[in-house]
Amino acid sequence: MAARLWLGFGLSEAALAEDAAGAITQLLDGMGLTPAQIAGAATIDRRAGHPAVGRVEALFGYAVTLLPAERLERETSRLRNPSEAIYRLMGCHGVAEAAALAQAGETGGLLVEKRLVRRVTLAIAQSFD
Numbered sequence: 026m027a028a029r030l031w032l033g034f035g036l037s038e039a040a041l042a043e044d045a046a047g048a049i050t051q052l053l054d055g056m057g058l059t060p061a062q063i064a065g066a067a068t069i070d071r072r073a074g075h076p077a078v079g080r081v082e083a084l085f086g087y088a089v090t091l092l093p094a095e096r097l098e099r100e101t102s103r104l105r106n107p108s109e110a111i112y113r114l115m116g117c118h119g120v121a122e123a124a125a126l127a128q129a130g131e132t133g134g135l136l137v138e139k140r141l142v143r144r145v146t147l148a149i150a151q152s153f154d
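Just so you know, we're using the working numbering here: the sequence shown kicks off at 26 and counts up by one.
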C-alpha cells in the first residue's frame with residue numbers, strides 16, 4: 026500500500042510569495058522529500074488572490090485546491106492544534122492541518138503537525154492507496 030502525501034498551508038496577509046515557496050522547500054528538504062512527492066496542496070479559499078498561492082502552484086506544477094472555511098471546519102475533531110484565534114479570523118479552527126486532512130480523506134492522518142515558518146503555516150497529511 027503506497028502512501029500519498031498532502032500539503033496544507035495557511036498564509037498571513039503579510040506573507041510574501043517567496044515566504045511560502047521557501048517555507049515549503051525548507052520543510053520538504055528537512056524531510057528528504059521533493060515537491061514531486063506531494064500529491065496535492067490546499068489552503069483556504071479566502072487566500073485565492075494572495076500572490077503566494079500562485080507561487081506555490083508554480084513550485085508544484087499544479088493548481089492549489091481552495092477550500093471554504095465550512096469544509097475546513099469539518100476537520101476540527103481531527104486537528105492536533107485547533108485555534109480559537111484562527112476561528113475568529115477565518116471561520117475555521119485551523120487552515121494548514123485542516124486543508125491537509127481534507128485532501129487525505131476520512132482515513133488519512135496528520136504526518137506533520139502545523140509548523141509556522143516565514144509567516145506561513147504548513148502541515149502534511151498522508152493517505153494510503
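The C-beta atom is built at its ideal place from N, Cα and C for all residues, glycine as well.
Note that the structure is a prediction, hence the values are computed from the model and not measured.
Do you know offhand how far residue i's Cα is from residue j's?
i           : j           : result
residue 152 : residue 133 : 4 Å
residue 58  : residue 130 : 21 Å
residue 84  : residue 60  : 7 Å
residue 115 : residue 126 : 17 Å
residue 50  : residue 95  : 29 Å
residue 42  : residue 139 : 19 Å
residue 90  : residue 149 : 14 Å
Using beta-carbon positions only, say whether residue i and residue j come within less than 8 Å of one another.
i           : j           : result
residue 144 : residue 44  : yes
residue 34  : residue 136 : no
residue 66  : residue 32  : yes
Consult DSSP for residue i and reduce its assignment to one of helix, strand or coil.
i           : result
residue 27  : coil
residue 104 : coil
residue 89  : coil
residue 77  : helix
residue 50  : helix
residue 144 : coil
residue 55  : helix
residue 66  : strand
residue 155 : For the chain, the structure presents residues 26 to 154; residue 155 sits outside this window and is missing.
Around the C-beta of residue i, are 16 or more other C-beta atoms found within 10 angstroms, so that it is buried, or is it exposed?
i           : result
residue 124 : buried
residue 86  : exposed
Between the segment 70–90 and the segment 105–113, do three or more beta carbon pairs fall short of 8 Å?
-> no
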